[in-house]
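Q: If you count the sequence shown from 1, position 472 lands on 1184 in the working numbering, and the numbers rise without skipping. Ideal Cβ positions, reconstructed from N, Cα and C, are used throughout, including at glycine.
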Amino acid sequence: MAASTGSAQAGELRHGAVGLLQTFGQSFALLALALGSATGTTAVAGYAGAATPLVYVLGGIASLCLASVIIRFTKRMASSGGLYTFISRGLNPSAGFLGGWLYTMGFAAGISFVMVIGSTYLSTVLTDHLHVHLGWFPVFLILMVLLTFLALVDIGLSLKAQLIAAGIGATAILIGMFAVLFQGGAEGVSLQPFSPSHLGSVGDLFHGLVFAFGAFIGFEAAMVLGEEAKEPLKVIPRAVLTAVLTGLVFYVFVTFCLSIGFGPANAAEWAENPTAYDTIVTHYVGSGLAVVVDCAVALDAFVASLAATVLVSRVVFAMAREGGLPSPFGYTHPRFKTPWVGVLVSIVLTVILVTVLAYIKWDPFTYFAFMATAATFALLAAYILVAAAGVTYFWRERTLPHVRYNPALDLIAPVIAIAICALTIYWSVVPEPPSPLNAAVWVTAGWLALGIVILVWMKATSPDKVARFGQTLGEEAEMERRPGDRLVDEPALAGGEHGEA
713 MAASTGSAQA GELRHGAVGL LQTFGQSFAL LALALGSATG TTAVAGYAGA
763 ATPLVYVLGG IASLCLASVI IRFTKRMASS GGLYTFISRG LNPSAGFLGG
813 WLYTMGFAAG ISFVMVIGST YLSTVLTDHL HVHLGWFPVF LILMVLLTFL
863 ALVDIGLSLK AQLIAAGIGA TAILIGMFAV LFQGGAEGVS LQPFSPSHLG
913 SVGDLFHGLV FAFGAFIGFE AAMVLGEEAK EPLKVIPRAV LTAVLTGLVF
963 YVFVTFCLSI GFGPANAAEW AENPTAYDTI VTHYVGSGLA VVVDCAVALD
1013 AFVASLAATV LVSRVVFAMA REGGLPSPFG YTHPRFKTPW VGVLVSIVLT
1063 VILVTVLAYI KWDPFTYFAF MATAATFALL AAYILVAAAG VTYFWRERTL
1113 PHVRYNPALD LIAPVIAIAI CALTIYWSVV PEPPSPLNAA VWVTAGWLAL
1163 GIVILVWMKA TSPDKVARFG QTLGEEAEME RRPGDRLVDE PALAGGEHGE
1213 A
């Protein structure tokens, strides 16, 4: 039966459509390991130098602390709302709405800035190696058409494409790194890159950690498939954990190879080289592999944007279904069972933003830096909310039968996640970044303010509706069942509040 909370015309996603591998593909693609390795390690090396792998170890551990909260939620409830649902049930429905509002803003922005970088990489390859002079903007428009098709059709096809393409990108990166390792690097293979002695100061460590932690953003993306995965209470926790562990091992190995590739004594060259990966691969293997990697990075960026589109459309679908957003966002395609309105609105907004800001006003790299900064603020705020929700939810539920409270996972891990996210926000604004990046935080603040205004209006006009945010689930552990909860194949309940608005 179609879910109808908040809208009599709300649609239904395709239940049981994807298995573990495809579900993992959603998180794997949004991690964008090839893109992150090729473009993101230089920022960390600028602070950590040869010890960059050590900082990625710490960033991965911090991500595991956040992942533990999300995994424990996904073992108990499955929903396309993801963080929106978890925060609604852990804190209260009002916080859930604001968390979902910020979370969708972050990844909606991500669709655009990641696609811009992917288009730029692909355009460069076409021009330099195939002599096809097609600027990045036409390439962007072509890729957006393909993305729209994949996002609208069957979710299984979309996730298969994500898994295969992201796997190709990661494999291309690893081939180059194994070549460095087998040739012994610049000064021989050693464990020096894991020595804290290469760090200049504690401040450098934390500044580097900001970028290393950011590299893991997206590992949780599989959680929005809670109504489309088979056995979601088993499959999704495994997919999320596998994704964050894969990211940890991958980034540590790649940065270790880059560190020995440049040599610990030459870490400054790494820190000053925005195309460090291409430089190392060209030196140790040849320019041919560098071209292949550039293509792989473009492909990786494309499927990361596709995964972000899948994520955003599912979260806004869940919010609209319960009345938090306009009801059309809760419609699904009659054949493919995909939330087509959310997909198309995401695509249209992406094209408008990129056309106005990246093509007309700025350039692709300025646009990337600005939107990535604004998106990161929004996502970190949402992560803080879900970690806080984990603390309160698991403490409150500890008295239920068959529930075992684990202080390490239910208190210490989320507190560490909150601290890391808060420090990341702080070090992103102190010292003040150059213009126009210094305005990014105000874009996020403005978006949050708009969300608060909408929430206040909804609470004033429809308080019962707000009180039911986060109640609709795809599946729920029996021990979590409570009055007011509703599965998507059950009829909507009249009234019934959950938490405090």
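Which of the three DSSP states is assigned to Ala-933 in this structure?
A: As a first step, residue 933 must be located in the sequence shown, where it is residue number 221. The answer is helix: DSSP assigns Ala-933 an H, G or I state.
Q: Residues in its own chain within less than 6 Å of Gly-1211 by CB, not counting five upstream and five downstream?
A: Start at 1 with the first residue of the sequence shown, and residue 1211 comes out as number 499. Annotation note: pLDDT 35 at Gly-1211 (below 50); position unreliable, no value reported.
Q: Which of the three DSSP states, helix, strand or coil, is assigned to Val-1003?
A: Position 291 of the sequence shown, counting from 1, holds the residue named residue 1003. It is helical.
Q: Considering only the alpha carbon of each residue, which of Val-730, Ser-907 and Thr-883 lies closest to Ile-972?
A: The count along the sequence shown starts at 1 and reaches residue 972 at position 260. Among Val-730, Ser-907 and Thr-883, the Cα nearest to that of Ile-972 is on Ser-907.
Q: Between the C-alpha atoms of Val-837 and Ile-829, what's the straight-line distance to the nearest angstrom?
A: Along the sequence shown, read from residue 1 onward, the residue named residue 837 stands at position 125. Along the sequence shown, read from residue 1 onward, the residue named residue 829 stands at position 117. Using only the alpha carbons, I get a separation of about 13 Å.
Q: Is it true that the CB of Ala-1008 sits closer than 8 Å to the CB of Gly-881?
A: For the purposes of this step, residue 881 is taken as residue 169 along the sequence shown, with counting starting at 1. For the purposes of this step, residue 1008 is taken as residue 296 along the sequence shown, with counting starting at 1. Closer than 8 Å, so yes.
Q: Here's the rule: buried if 16 or more other CB atoms are within 10 angstroms of the residue's CB, otherwise exposed. What is Gly-723?
A: As a working note, residue 723 is residue 11 in the sequence shown. Classification of Gly-723: buried, given that the 10 Å Cβ count is 16 or more.
Q: Rounding to the nearest angstrom, what Cα-Cα distance links Leu-903 and Cys-969 in this structure?
A: Counting from one through the sequence shown, the residue named residue 903 turns up at place 191. Counting from one through the sequence shown, the residue named residue 969 turns up at place 257. When rounded, the distance between both Cα atoms is 11 Å.
Q: Note down the Cα distance separating Ala-1221 from Val-1015, rounded to an integer number of angstroms.
A: Only positions 713 to 1213 of the chain appear in the structure, and residue 1221 is not among them; the question remains open.
Q: Starting from the Cα of Thr-1085, find the closest Cα among Leu-1162, Trp-1154, Gly-938 and Met-1031 and give me that residue.
A: The residue given as residue 1085 occupies position 373 in the sequence shown. Comparing Cα positions, the closest option is Trp-1154.
Q: Quick one: what's got a C-beta closer than 6 Å to Glu-1109's C-beta in the same chain, skipping five residues either side?
A: Here the question's residue 1109 lines up with position 397 in the sequence shown. Contacts found: Val-1115.
Q: With burial defined as no fewer than 16 other Cβ atoms inside 10 Å of the residue's Cβ, what is the status of Gly-896: buried or exposed?
A: As a position in the sequence shown, residue 896 is number 184, starting the count at 1. Classification of Gly-896: exposed, given that the 10 Å Cβ count is below 16.
Q: State the DSSP-derived secondary structure class of Ala-898, mapped to helix, strand or coil.
A: Locating residue 898 in the sequence shown gives position 186, counting from the first residue. Ala-898 falls in the coil class under three-state DSSP.
Q: Anyone know if the C-beta pair for Ser-1058 and Ala-878 falls short of 8 Å?
A: Here residue 1058 refers to the residue found at position 346 when the sequence shown is read from its first residue. Here residue 878 refers to the residue found at position 166 when the sequence shown is read from its first residue. In this structure, Ala-878 does not lie closer than 8 Å to Ser-1058 by Cβ.
Q: Does the contact criterion of 3 or more C-beta pairs under 8 Å hold for the region 781-788 versus the region 1073-1085?
A: No: the two stretches stay apart, fewer than three of their Cβ pairs being nearer than 8 Å.
Q: Who does Met-789 pair with in a DSSP beta bridge?
A: Residue numbering aside, residue 789 sits at position 77 when the sequence shown is read from its first letter. According to DSSP, Met-789 bridges with Glu-1188.
Q: Please name the residue in Val-756, Thr-832 and Leu-810 whose C-alpha comes closest to that of Tyr-1079.
A: The residue given as residue 1079 occupies position 367 in the sequence shown. Residue Thr-832 is the option with its Cα nearest to Tyr-1079.
Q: Using the Cα positions of Asp-1075 and Leu-834, report the straight-line distance between them to the nearest angstrom.
A: Looking up residue 1075 in the sequence shown gives position 363. Looking up residue 834 in the sequence shown gives position 122. Roughly 16 Å separates the two Cα atoms.
Q: Could you work out which residue in Gly-752, Ser-1025, Leu-742 and Tyr-796 is closest to Tyr-989 when comparing CA atoms only?
A: Walking along the sequence shown from the start, residue 989 turns up at place 277. Ranking Gly-752, Ser-1025, Leu-742 and Tyr-796 by Cα distance to Tyr-989 puts Gly-752 first.
Q: Just to confirm the assignment, what range does the alpha helix (DSSP H) spanning Leu-1214 have?
A: This structure cannot speak to residue 1214, because the chain is shown only from 713 to 1213.
Q: Am I right that Ile-1137 and Leu-1092 are in contact with their C-beta atoms under 8 Å? What's the rounded C-beta distance?
A: As a position in the sequence shown, residue 1137 is number 425, starting the count at 1. As a position in the sequence shown, residue 1092 is number 380, starting the count at 1. So it is a contact: roughly 5 Å between Cβ atoms.
Q: Which residue comes first and which comes last in the alpha helix (DSSP H) that contains Glu-1034?
A: What you label residue 1034 is simply residue 322 of the sequence shown in a count that begins at 1. First-last for Glu-1034: undefined, no H or E at that position.
Q: Val-997 by DSSP, collapsed to three states: which one?
A: Stepping through the sequence shown from its first residue, residue 997 is reached at position 285. Val-997: coil per DSSP, three-state reduction.
Q: For Val-901, which residues from the same chain have a beta carbon less than 8 Å from its beta carbon, with the 5 sequence-adjacent residues on both sides left out?
A: For the purposes of this step, residue 901 is taken as residue 189 along the sequence shown, with counting starting at 1. Here the set comprises Leu-893 and Ile-972.
Q: Which whole-angstrom value is the C-beta distance of Asp-916 and Ala-760, which I expect to be below 8 Å?
A: Here residue 916 corresponds to residue number 204 of the sequence shown, with the count starting at 1. Here residue 760 corresponds to residue number 48 of the sequence shown, with the count starting at 1. The pair is a contact, with the Cβ atoms about 6 Å apart (cut-off 8 Å).
Q: Could you check the C-alpha separation between Thr-816 and Ala-1013 for me, to the nearest Å?
A: Within the sequence shown, the letter at position 104 stands for residue 816. Within the sequence shown, the letter at position 301 stands for residue 1013. C-alpha separation (whole angstroms): 18 Å.
Q: Three or more C-beta pairs under 8 Å: does that hold for the region 933-953 against the region 783-803?
A: In short, these stretches touch, since the Cβ pair count reaches three.
Q: Under the three-state reduction of DSSP, which class applies to Ala-951: helix, strand or coil?
A: By one-based count along the sequence shown, residue 951 stands at place 239. Ala-951 falls in the helix class under three-state DSSP.
Q: Taking the alpha helix (DSSP H) that Leu-742 falls in, what are its first and last residues?
A: Working through the sequence shown from its first residue, we reach residue 742 at position 30. Its alpha helix (DSSP H) spans residues 732-743.
Q: Could you pull the DSSP bridge partners for Ala-941 from this structure?
A: Position 229 of the sequence shown holds residue 941. DSSP output for Ala-941 lists Val-730 as bridge partner(s).
Q: How many whole angstroms separate the CB atoms of Met-789 and Glu-1188, which I take to be in contact at a CB cut-off of 8 Å?
A: Locating residue 789 in the sequence shown gives position 77, counting from the first residue. Locating residue 1188 in the sequence shown gives position 476, counting from the first residue. Right, their Cβ atoms sit about 5 Å apart.
Q: Whole angstroms is fine: what's the gap from Ser-792's alpha carbon to Gln-1183's?
A: Stepping through the sequence shown from its first residue, residue 792 is reached at position 80. Stepping through the sequence shown from its first residue, residue 1183 is reached at position 471. Distance between the alpha carbons of Ser-792 and Gln-1183 is about 12 Å.
Q: Output the distance between the C-alpha atoms of Thr-754 and Thr-987, rounded to the nearest integer angstrom.
A: Counting from 1 along the sequence shown, the entry for residue 754 is found at position 42. Counting from 1 along the sequence shown, the entry for residue 987 is found at position 275. Approximately 8 Å between the Cα atoms of the pair.
Q: From this set, Pro-1113, Thr-1104, Ser-870 and Leu-1135, which residue's C-alpha is nearest Leu-1121's C-alpha?
A: Position 409 of the sequence shown holds residue 1121. Here the closest residue by C-alpha is Thr-1104.
Q: Should Ala-763 and His-910 be called a contact, given that it needs their Cβ atoms to be closer than 8 Å?
A: Position 51 of the sequence shown, counted from the first residue, corresponds to residue 763. Position 198 of the sequence shown, counted from the first residue, corresponds to residue 910. Cβ atoms of Ala-763 and His-910: closer than 8 Å.
Q: Would you mind giving the Cβ-Cβ distance between Leu-1065 and Leu-742, rounded to the nearest angstrom? I have them listed as a contact below 8 Å.
A: One-based indexing of the sequence shown puts residue 1065 at position 353. One-based indexing of the sequence shown puts residue 742 at position 30. Actually they are not in contact, since the Cβ atoms of Leu-1065 and Leu-742 sit about 19 Å apart, beyond 8 Å.
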